[in-house]
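Counting with numbering that gives the first Met the number 0, you get residues 0 to 107 for the letters of the sequence shown. We treat Cβ as the ideally placed atom computed from N, Cα and C, and that holds for glycine.
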Amino acid sequence: MIENSSMSFVANGVRDAYRNAQGLSGAALPAAPRPEAGSFSELVRNASQDAIATIREGDMAAQQGLRGEIGRQEVVEATLALESTVKTVVALRDKFVEAYQEVLRMPI
Numbered sequence: 000m001i002e003n004s005s006m007s008f009v010a011n012g013v014r015d016a017y018r019n020a021q022g023l024s025g026a027a028l029p030a031a032p033r034p035e036a037g038s039f040s041e042l043v044r045n046a047s048q049d050a051i052a053t054i055r056e057g058d059m060a061a062q063q064g065l066r067g068e069i070g071r072q073e074v075v076e077a078t079l080a081l082e083s084t085v086k087t088v089v090a091l092r093d094k095f096v097e098a099y100q101e102v103l104r105m106p107i
């Protein structure tokens, strides 16, 4: 019983994704704005603000999906963006901690 309902959920999600993909135009994306030269702290601040915004959007999309306010496709896209962002943030955190520990090991 559970397998049939999950298969139906997946099939409906694939159908919705296919319909959405057919409606996409082939227009090229606008060029991304070139980042201005700034300090490292500004770069980290902007990246962390973008990551926080993506995580909040993913959380809101999940809540809206549970309430039935948005479709499955939007929920999946927001969840994948959230997952990717969290993985990136964790990898950066690990690199920062590793660099900090390396500095601590340096002889004075």
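Cβ neighbour criterion (16 or more within 10 Å) applied to A98: exposed
Whole-Å CB distance - E73 paired with A60, under 8 Å assumed: At roughly 6 Å, the Cβ-Cβ gap stays under 8 Å, so E73 and A60 are in contact.
Beta-carbon gap between V85 and I51 smaller than 8 Å: no
Candidates Q100, V96, V88, E101: closest to R44 by CA position: V88
Beta-carbon proximity check, G64 vs L81, cutoff 8 Å: no
Limits of the alpha helix (DSSP H) - the one that G37 falls within: Where G37 is concerned, there is no enclosing alpha helix (DSSP H), given that its DSSP letter is neither H nor E.
Extent of the continuous alpha helix (DSSP H) to which E101 belongs: Counting along the chain, the alpha helix (DSSP H) containing E101 begins and ends at 71 to 104.
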